[in-house]
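Asker: Residue numbers (this note's numbering): 67 to 545. No residue lacks a Cβ here, since even glycine has one placed at the ideal position from N, Cα and C. As the structure is a computational prediction, the values presented were derived from the model and not from experiment. Pasting a structure here, questions to come.
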Ligand code: NBP
């Protein structure tokens, strides 16, 4: 077998197969391999005419088919299967070769793998790939980590197969060394959770408070999609809401069980945020909302609890309310991105990745699930000031959220009065109000901690740590 493949893909389920086809369609010779070789043959039989594939039965054949330095993409189930594949292939590779993991790995695993393989002279490139199976085929948003040397040879190939933003820029950037790419992908997924939750709450409010039908709400989302909320998720929301179930003739959304699933990455985003001390309350509420929806027994046991008795709004009030919901949704969305970018900055500081937040916003503009016109604005905010402390410190976002706040508050008043749960909208507003507050009740919390645990406190008027002798004469001592 000649070593003529510029890239190889092992793991040919939906993602790997489509990624291999994407490389081949872009003119690369692609070696393909799968643990169960039936998948390899099926790919070549079905799609062989799309480009040049080299089907490999064994790991040795696969490695032999790759030109040097070898670029070997792993697209298998994250976790132990990825380690198993690395154990199988690493001994067959030579210094300078690259293993690219395009699965949804935890960034800590990626850091470990990168360290271990670096000792053998191999480059390990943990790479976030977003956009699902369609993105893998037609152009995903790609978030590679790993060494700058690996990006020098791999980057141009990724740029070719990636999605392109409206201005033609490839949706790929070298996020930073070792686990930076998988970290960025993790937070991307966390933001995706938050975006979906906020959209769901907007729908719920339009249904319960405004009294609109799913079809009418679909039209509202279509209108919103022509404005500042223009995004893939708003677009598909309109499609899902206007879909009618063929079997019953009822709105599709009314025949689907109201229990959402959650995979690892949303949960990881919150777990890591807790470790880093970053308040990502909007993302956390989105994960918890899905979790709560799945607690069937708990929900059944609580279904009879009292709530307000409320009537939907009249026609004129409902239309005005819908406009307010758009404001609340947009303001809450600004907050979730603020929180997500804060987490990326904190991860970058903690692990020394030097991630360019503007470049991250730019590569999410195409290919991925959270692609949105809004991301151009985020990129512009970081281009104007790379060390922006928070998106809310950007003048234009601050002005927009300021203009939205009255309606945002009014929506939450209506939600509370009518008993419609809005954990995402509410957490976002609480975050906004906490950040802008001159004083927070944390001073009282510090007092309590000093009272029961002698944890000490700092004063507003003097440097140093202090403790009050609560059990004695309540005099203050320097700690
Ligand atoms: P799956 O996550 O369902 O994994 C199936 C693949 O893993 C098959 O090729 C299977 O080989 C292989 N595999 C397993 Br399982 N255990 C293995 C082992 N011990 N050794 C070798 N191969 C093994 O595939 P997917 O949905 O295409 O996703 C691939 C990766 O991309 C995952 O990490 C996923 O999280 C990530 N991702 C998925 C999406 C999406 O929308 N699906 C989006 C973005 C990222 P077999 O054929 O022999 O069983």
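Cβ-heavy atom distance between residue 301 and the ligand NBP below 8 Å?
Answerer: no
Asker: Please go through the same chain and pick out, in chain order, the residues whose beta-carbon is closer than 8 Å to the beta-carbon of residue 542, but skip the five residues on each side of it.
Answerer: 532, 533, 534, 535
Asker: Could you tell me if residue 399 is buried or exposed, where buried requires 16 or more neighbouring beta carbons within 10 angstroms of its beta carbon?
Answerer: buried
Asker: For a quick check, are the C-beta atoms of residue 93 and residue 117 less than 9 Å apart?
Answerer: yes
Asker: Measuring from the CB of residue 191, is there a heavy atom of the ligand NBP at a distance below 8 Å?
Answerer: no
Asker: Leaving out five residues on either side along the sequence, give the residues of the same chain with a beta carbon under 8 Å from the beta carbon of residue 396.
Answerer: Around residue 396: 294, 295, 466, 470.
Asker: Nearest CA to the CA of residue 253: which residue from 460, 476, 196?
Answerer: 196
Asker: In chain order, what residues of the same chain lie with their CB nearer than 8 Å to the CB of residue 70, ignoring the 5 residues before and after it?
Answerer: 95, 120, 131, 133
Asker: Would you say residue 154 touches the ligand NBP, meaning its beta carbon is less than 8 Å from a heavy atom?
Answerer: yes
Asker: Which complete alpha helix (DSSP H) runs does the stretch 424-501 hold, if anything under 4 residues is left out?
Answerer: Within the stretch 424-501, the complete alpha helix (DSSP H) runs of at least 4 residues are 440-450, 461-484.
Asker: Just to confirm my understanding: we take residue 317, look at its own chain, exclude 5 residues before and 5 after, and list those with CB closer than 8 Å. What are they?
Answerer: 279, 280, 281, 307, 309, 310, 311
Asker: Taking residue 167 as part of the beta strand (DSSP E), name the residues at either end of that continuous run.
Answerer: Element bounds for residue 167: 164-167.
Asker: Can you tell me whether DSSP reads residue 248 as helix, strand or coil?
Answerer: helix
Asker: My assumption, with CB atoms under 8 Å, is that residue 243 sits in contact with residue 213. Please give the rounded CB distance.
Answerer: 6 Å
Asker: Between 82, 91, 437, which has its C-alpha nearest residue 101's C-alpha?
Answerer: Put simply, of 82, 91, 437 the residue whose alpha carbon is nearest the alpha carbon of residue 101 is 82.
Asker: Exposed or buried, residue 84, counting other C-beta atoms within 10 Å across all chains shown (16 or more means buried)?
Answerer: buried
Asker: Taking Cβ to Cβ, would you say residue 268 is nearer than 9 Å to residue 376?
Answerer: no
Asker: Determine the contact status of residue 418 and residue 339, defining contact as a CB-CB distance below 9 Å.
Answerer: no
Asker: Any idea what DSSP makes of residue 292, helix, strand or coil?
Answerer: coil
Asker: Does the Cβ of residue 196 lie closer than 8 Å to at least one heavy atom of the ligand NBP?
Answerer: yes
Asker: Drop a sphere of 10 angstroms on the beta-carbon of residue 248, count the other beta-carbons inside from all chains shown, and report buried for 16 or more, exposed for fewer.
Answerer: buried
Asker: From the DSSP output, which residues share a beta bridge with residue 195?
Answerer: 208
Asker: Give me whichever residues DSSP pairs with residue 96 in a beta bridge.
Answerer: DSSP lists 73, 119 as partners of residue 96.
Asker: Determine the DSSP secondary structure at residue 254, reduced to helix, strand or coil.
Answerer: helix
Asker: Might you give, ordered along the chain, the residues of its own chain that have their beta carbon closer than 7 Å to the beta carbon of residue 261, omitting 5 neighbours on each side?
Answerer: The answer, listed in chain order, is 299, 399, 402, 436.
Asker: Less than 8 Å between the CB of residue 81 and some heavy atom of the ligand NBP, yes or no?
Answerer: yes
Asker: Rounding to the nearest angstrom, what Cα-Cα distance links residue 428 and residue 149 in this structure?
Answerer: 31 Å
Asker: In the DSSP assignment, the beta strand (DSSP E) including residue 140 goes from what residue to what residue?
Answerer: 137-140
Asker: From this set, 517, 545, 392, 530, which residue's C-alpha is nearest residue 538's C-alpha?
Answerer: 517
Asker: Assign residue 239 to one of three DSSP states: helix, strand, or coil.
Answerer: For residue 239, the three-state secondary structure derived from DSSP is coil.
Asker: Just list the alpha helix (DSSP H) runs in the stretch 344-413, keeping only unbroken ones of 4 residues or longer that don't cross its boundaries, in chain order.
Answerer: 347-359, 362-368
Asker: Would you identify the three-state DSSP class for residue 280, choosing helix, strand or coil?
Answerer: helix
Asker: Report yes if the CB atom of residue 76 is closer than 9 Å to the CB atom of residue 191, and no otherwise.
Answerer: no
Asker: Determine the extent of the beta strand (DSSP E) in which residue 180 is found, giving its start and end residues.
Answerer: First-last for residue 180: 173-185, but that is the alpha helix (DSSP H), not the beta strand (DSSP E).
Asker: Quick check on DSSP: helix, strand or coil for residue 274?
Answerer: helix
Asker: Grab the span of the beta strand (DSSP E) containing residue 305 for me, first residue to last.
Answerer: No beta strand (DSSP E) holds residue 305; the alpha helix (DSSP H) holding it covers 298-308.
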